[in-house]
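In the numbering used here, the protein residues as written are 101 to 412.
Virtual Cβ for every residue (Gly too), placed ideally from N, Cα, C.
None of these values were measured; they are calculated from a predicted model.
Right, one structure below, let's go through it.
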Ligand SMILES: CC(C)(COP(=O)(O)OP(=O)(O)OC[C@H]1O[C@@H](n2cnc3c(N)ncnc32)[C@H](O)[C@@H]1OP(=O)(O)O)[C@@H](O)C(=O)NCCC(=O)NCCS
């Protein structure tokens, strides 16, 4: 029987997620809730759950709408398959078929795997064969490659000293709010601005941001999260695998005007050192293609993902 997420037992959904995915992708109840039903892009009409006659969940899908009302997006008519798990693929095929019917009636033209606002997945993880097989059978086109990078920060030292002339790297405070807003509007007005403003509001402060300051103004930011974080985003969704003293860095970006001076690398170093001083051991940076940039700091490729899109 197909039901929606309102009627479903979310503990059972969590349990199925954790049985379906390998150990490194295990999540907890908070991560599930924050990135599905608590997200205002969660699609209550198209997200579905299949239960058997004993009330046991056999499959679920979570669909999220394009966050077009919050910021510019690539395709406002696309939706996101943000999560899926099943005991048998046939149950998931039934859910997808119902969801596609609903979505087509609304004018939706394509489904992207992951990449949603408050995502679990930057793409399809390459090491979950049953998921790859299912998406291929459904007709998703797989392309491109993204990955997470990780390292233990216990032994981390920056590859070169952090510059102090002309430029300053430090944790932001409330007094930097105006300069930060100006920076985001100018440099990263889309998803990063929205995500970071949401995060500052939810966490109740600026201590999750390390800034690059040039001539007294914000010219770069790195988001940092550790075990004290209330609303884990990005790579922090894999905190169970990263261990008790987990940390996450990213997104990270600097003004176009000051790129190529070694300051982006220094900002990364400042962010990693701040995490280290807060007690972080295993640190993740998710959803990137910059293996060289991160590799200079000893961060190594871990999880690998591919983009996937289905025209409906
Ligand atoms: C990525 C970014 C933060 C780098 O900042 P930057 O100030 O230009 O980089 P730096 O000058 O400090 O370069 C640091 C090192 O990384 C290398 N590097 C910088 N950007 C790189 C890139 N895009 N790809 C590969 N290597 C890169 C540099 O060659 C340099 O190497 P070196 O230390 O041997 O000289 C900046 O380009 C940026 O904000 N880009 C847009 C946002 C973005 O892509 N963020 C990362 C998302 S995961």
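Beta-carbon contacts of residue i that lie in its chain and below 8 Å, excluding the five residues immediately before and after
i           : result
residue 108 : 149, 151, 157, 160
heavy atom of ligand 1 below 8 Å from residue i C-beta
i           : result
residue 367 : yes
residue 353 : yes
residue 390 : yes
residue 396 : yes
residue 358 : yes
residue 385 : yes
residue 364 : yes
residue 361 : yes
residue 155 : no
residue 347 : no
residue 320 : yes
residue 393 : yes
residue 260 : yes
residue 335 : no
residue 343 : no
residue 290 : no
Own chain partners of residue i with C-beta closer than 7 Å, once the 5 adjacent residues on each side are dropped
i           : result
residue 339 : 332, 346
residue 200 : 412
residue 262 : 269, 366, 369, 370
residue 399 : 249, 250, 251, 385
residue 378 : 326
residue 103 : 149, 151
Where residue i falls, given that 16 or more other Cβ within 10 Å makes a residue buried
i           : result
residue 221 : buried
residue 304 : exposed
residue 229 : exposed
residue 101 : exposed
residue 135 : buried
residue 140 : exposed
6 Å Cβ shell around residue i - same chain, five flanking residues per side excluded
i           : result
residue 176 : 166, 168
residue 279 : 317, 318
Residue from the options whose Cα sits closest to the Cα of residue i
i           : options            : result
residue 124 : 137, 227, 329      : 227
residue 78  : 121, 119, 174, 258 : In this structure the chain extends from 101 to 412, so residue 78 is not present and cannot be described.
residue 328 : 184, 344, 278      : 344
residue 404 : 396, 256, 245      : 245
residue 348 : 179, 121, 308      : 308
residue 299 : 342, 254, 314, 350 : 350
residue 361 : 122, 120, 264      : 264
residue 256 : 164, 106, 382, 184 : 382
residue 193 : 231, 276, 153      : 231
message = List, from N- to C-terminal side, the beta strand (DSSP E) runs of 3 residues or more that fit wholly inside the segment 342-405.
response = As far as the segment 342-405 is concerned, its whole beta strand (DSSP E) runs of at least 3 residues are 347-354, 382-388.
ask   = Residue ranges of each beta strand (DSSP E) run of no fewer than 3 residues wholly in the segment 259-342, ordered along the chain?
value = Unbroken beta strand (DSSP E) stretches of 3 residues or longer found wholly inside the segment 259-342: 267-271, 309-314, 317-326, given in chain order.
request  = Would you mind listing the beta strand (DSSP E) stretches within the segment 125-205 that are 3+ residues and don't spill past its ends, in chain order?
outcome  = You should have 148-151, 157-165, 178-186.
Every unbroken beta strand (DSSP E) inside the segment 200-257 [3 residues or more] = Listed in chain order, they are 210-213, 241-252.
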